[in-house]
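>
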RNA sequence: GCCCCUGUAGCUCAGUCAGGAUAGAGCAGAGGUUUCCUAAACCUAAGGUCGCAGGUUCAAGUCCUGCCAGGGGUACCA
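Numbering (the numbering used here), first residue to last: 0 to 577.
1. Mapping the DSSP letters down to three states, classify residue 196 as helix, strand or coil.
2. Since residue 338 sits in a beta bridge, which residues does DSSP pair it with?
3. If you follow the alpha helix (DSSP H) that residue 214 is part of, which residue opens it and which one closes it?
4. For residue 339, which option in 217, 410, 301, 160 has the closest C-alpha, if you only look at C-alpha atoms?
5. Just to confirm my understanding: we take residue 385, look at its own chain, exclude 5 residues before and 5 after, and list those with CB closer than 7 Å. What are they?
6. Could you check if residue 154 is buried or exposed, using at least 16 other CB atoms within 10 Å of its CB as the buried criterion?
7. Grab me the residues of residue 112's own chain with a C-beta within less than 8 Å of its C-beta, minus the 5 sequence neighbours each way, in chain order.
8. Count the other CB atoms within 10 Å of the CB of residue 37; is the residue buried (16 or more) or exposed (fewer)?
9. For residue 265, which residues of its own chain have a beta-carbon under 8 Å away from its beta-carbon, when the five flanking residues on both sides are left out?
10. For my contact list, residue 341 and residue 370 are in at a C-beta cut-off of 8 Å; report their separation, rounded to the angstrom.
11. If you reduce the DSSP assignment to three classes, tell me which class residue 411 lands in.
12. Between residue 157 and residue 120, which are expected to be in contact by the criterion C-beta below 8 Å, what is the C-beta distance as a whole number of angstroms?
13. Within the continuous alpha helix (DSSP H) that includes residue 359, where are the two ends?
14. In angstroms, rounded to a whole number, what distance separates the CA positions of residue 282 and residue 229?
15. Going by DSSP, name the residue or residues bridged to residue 305.
16. For residue 268, collect the residues of the same chain with a Cβ closer than 7 Å to its Cβ; drop the 5 residues on either side in sequence, then sort them by chain order.
17. With C-beta atoms as the reference, is residue 372 less than 8 Å away from residue 287?
18. Pick helix, strand or coil for residue 134, following the three-state DSSP scheme.
19. Using DSSP with H/G/I as helix, E/B as strand and the rest coil, what is residue 276?
20. Ordered along the chain, which non-local residues of its own chain (more than five positions away) have a Cβ less than 6 Å from that of residue 380?
21. For the candidate residues 275, 20, 556, whose alpha-carbon lies nearest to that of residue 308?
22. Should the stretch 488 to 497 be regarded as contacting the stretch 75 to 94, the criterion being three or more beta carbon pairs within less than 8 Å?
23. Hey, out of 124, 198, 140, whose CA is closest to residue 132's CA?
24. As a quick exercise: from 444, 14, 196, 257, pick the residue whose alpha carbon is nearest that of residue 375.
25. Residues in the same chain with beta-carbon distance under 6 Å from residue 527, minus the five sequence neighbours each way, listed in chain order, please.
26. Can you tell me which of the three DSSP states residue 261 falls into?
27. Under a three-way DSSP split, which group does residue 350 fall into?
28. For residue 162, which three-state DSSP category applies?
29. Could you pull out every unbroken alpha helix (DSSP H) segment of at least 4 residues lying fully inside the stretch 512 to 541, listed in chain order?
30. So if DSSP puts residue 87 in a beta bridge, which residue, or which two residues, is it bridged to?
31. When burial is assigned at 16 or more other CB atoms within 10 Å of the CB, is residue 13 buried or exposed?
32. Quick one: using the 10 Å Cβ neighbour count with 16 as the cut-off for buried, is residue 218 buried or exposed?
33. Find out if the Cβ-Cβ distance for the pair residue 559, residue 472 is shorter than 8 Å.
34. Where do the N-terminal and C-terminal ends of the alpha helix (DSSP H) with residue 316 fall, by residue?
35. Determine the contact status of residue 523 and residue 565, defining contact as a CB-CB distance below 8 Å.
36. Return the first residue and the last residue of the alpha helix (DSSP H) that residue 21 is part of.
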């Protein structure tokens, strides 16, 4: 890390002083800077528990001793003990001055670290089937995958964002047979329907009709067989329909901001796992049972044996994933491979990684399943097969319409086009923030009503805070420029913002290391609140003192920069006006 | 049955990995603030046997054991 951030400087200095005084060694992670429960106790503090064992003294007496030594520590103008805690009062002037220098210099890079430098990580996310549009579950996956990718990249890793499209199989053939029977040669263009919805409608039609027509499934299986034999006609239709779906997906991905460095297609990888499995049989690691399936004994996991290849020699899900994973490690020199996949598949991934290890792949321990909880509607689980579909596109449309209403209600000076782009930005920030503020492992109770609310801990609230900061700088003209004199700052509201800005780099790293964007979401909410409180209590442009205006503008500038950086990592585009 | 996850205020959630300050927010409901840079805001009060019961510890929402409730999984589906 080339640039030392204020809080790191402070922690390092404190650690040195403690080591020198007691003539001991401490670990880098021993000094954990915490917030105090109450500003009267100081701005930040550390618990002295970690010293207690080494020094054989009570944490409280250590804290008192340290406080009485009156060290000189950067950005700190007062040390005091409170029980087992050593608390510090920060010096607003030097802290803000230093933050201003660092954040101005780093601008969009403030918060980035080189923690993961030189290491390559792959994030597989989205992973849709090519027979229907994406639904609310995919939205969570997409949003989570993007945010985690951004966070890891911000922490210095090389990140490969990849998608694995399940573009072959019986589900695709169902849409195909349905289109052949009832499509009458129509197309997304002729019907003016988004391609993935067009194909999805035929899939739904199949499921409905198959309930009464028992022969339909047989026909779909026939199509699958013909596809596997490379039947020209079938392959041509398959390509055509998949392209329709991909056109639709591209639109959805563009709207959400999803990007991929590489797309794996199951049709290209699905046979590769078979060789791996057969080699495992040859090496005696795997075996064939009496009915002809290749199986692996999982006694070591206290699980039932698992089939890895069907008796007719065809691949199952596990076979394909074995193949794709080996492919991934062949394509990239990976230090970490992450799968963003719902927790329904926890067992699948546990077995997948274990089988890879048993097959002797040394990199098996670099595989990580980032699982996330279900998304529920008040009515129950989302299922596209049961007609109760909340697809990604209509959800975004719905949110768009609502934020548009809110904008119009407030009757700002905005032309129609700006209203549309603003409504879209607010809608997407609402959706993304709502998903990311919840810990990935938890289920989300997606109440459409709550998600549409624009108050509280939401994306629009953060956008509002950002827009107000932008507004001040826009309207300030000359008054907000020039060398700020930060000795004029130091009220509690200014200090609160400064402390949060100083903590930001740690929040980013912490979120990245725990694959948990909700930590960053919390920080975004906290600084948004601090900004609004500051706006409420203090004026920037109307202070009557040009020097104070300049100083506060400096703080506004770096707050805006840092909040914007945080939002961008969440995949949210900050709004200058709303 | 067995395995995994979840259970914190009326509702939605932080905090559990790494035990430490009086368990924090938001929403809803109650009350208040606007000649002033965006009131999509801000403030105040109220709201809790941290699912239950044991245990470990100087200290447990956090660790251990058992139980209860909800969800997921337990396919030659993906």
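Idealized CB from N, CA, C, for every residue including glycine.
Let's see:
1. In the displayed model, residue 196 falls within a helix according to three-state DSSP.
2. 123, 368
3. Run containing residue 214: 214 to 227, per the alpha helix (DSSP H) assignment.
4. 160
5. Confidence at residue 385 is low in this model, with a pLDDT of 43, below 50, so its placement is unreliable and the value that follows should be read with caution. The answer is none, since no qualifying residue turns up.
6. With a threshold of 16 other beta carbon atoms within 10 Å, residue 154 meets it and is buried.
7. 0, 153, 154, 155, 504, 507, 508
8. Under this definition residue 37 is an exposed residue.
9. 163, 164, 165, 166, 167, 168, 319, 323
10. So it is a contact: roughly 7 Å between Cβ atoms.
11. coil
12. 7 Å
13. Per DSSP, residue 359 belongs to no alpha helix (DSSP H) and is neither H nor E.
14. One C-alpha to the other measures close to 32 Å.
15. 295
16. 319, 322, 323, 326
17. By the CB criterion at 8 Å, residue 372 and residue 287 fall outside the cutoff.
18. Of the three classes helix, strand and coil, the one that applies to residue 134 here is strand, per DSSP.
19. Residue 276: helix per DSSP, three-state reduction.
20. Its pLDDT being 44, under 50, residue 380 is placed unreliably in this model, and the value from its coordinates should be taken loosely. Around residue 380: no qualifying Cβ.
21. 275
22. yes
23. 198
24. 444
25. Once the five neighbours on either side are set aside, the close Cβ partners of residue 527 are 460, 461, 464.
26. strand
27. helix
28. Residue 162 sits in a strand when the DSSP states are folded into three classes.
29. 517 to 536
30. 43, 78
31. buried
32. buried
33. yes
34. 316 to 330
35. Contact flag set, yes.
36. 5 to 21
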